[in-house]
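Working notes, structure below.
In my numbering, the protein residues as written are -12 to 119.
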């Protein structure tokens, strides 16, 4: 797995699925992390549902960067008329504890959904409902 280039992040956040809201954490000129709400699908019946993506550079992890970015986004959810936020994470990663810390509930699993270096990995689905 490789890090996204700046151009790939811009494509993801602003062009392919325009972000409702996004934040970047910088230390000087260095990107420590970013987070964004992106549209789930462009259909009337799921307009209030977004996917939350959070990335923190490995050298900045476990310093509160991800939690701060997550809380910043979630505080904006009601203003943006978002009622359901979901995120995905690998089963064997720190995603589970991070998602719980941010108020998400494990709602499902996509078994052997992602292939990396010949290894099939499970993707876990987390959801947080927002009171409007």
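Note that the Cβ used here is the ideal one computed from N, Cα and C, for glycine as well.
Since we're looking at a predicted model, the values are computed, not measured.
Scanning its chain for C-beta atoms nearer than 6 Å, with the 5 sequence neighbours on each side dropped, one finds around residue 76 the residues 82, 111, in chain order. With fewer than 16 other beta carbons inside 10 angstroms of its own, residue 84 counts as exposed.
Nearest neighbour of residue 38 by Cα position, chosen from 61, 118, 99, 107, turns out to be 61. Residue 105 and residue 97 have their alpha carbons spaced roughly 17 Å apart. DSSP, reduced to helix, strand and coil, places residue 80 outside both helices and strands of the structure shown, so it counts as coil. Along the length of the stretch 41 to 72, whole alpha helix (DSSP H) runs at least 4 residues long occupy 52 to 63, reported in chain order.
Apart from the 5 residues on each side of it in sequence, residue 53 sits with its Cβ closer than 8 Å to the Cβ of 20, 22, 41, 43, 85 in its chain, given in chain order.
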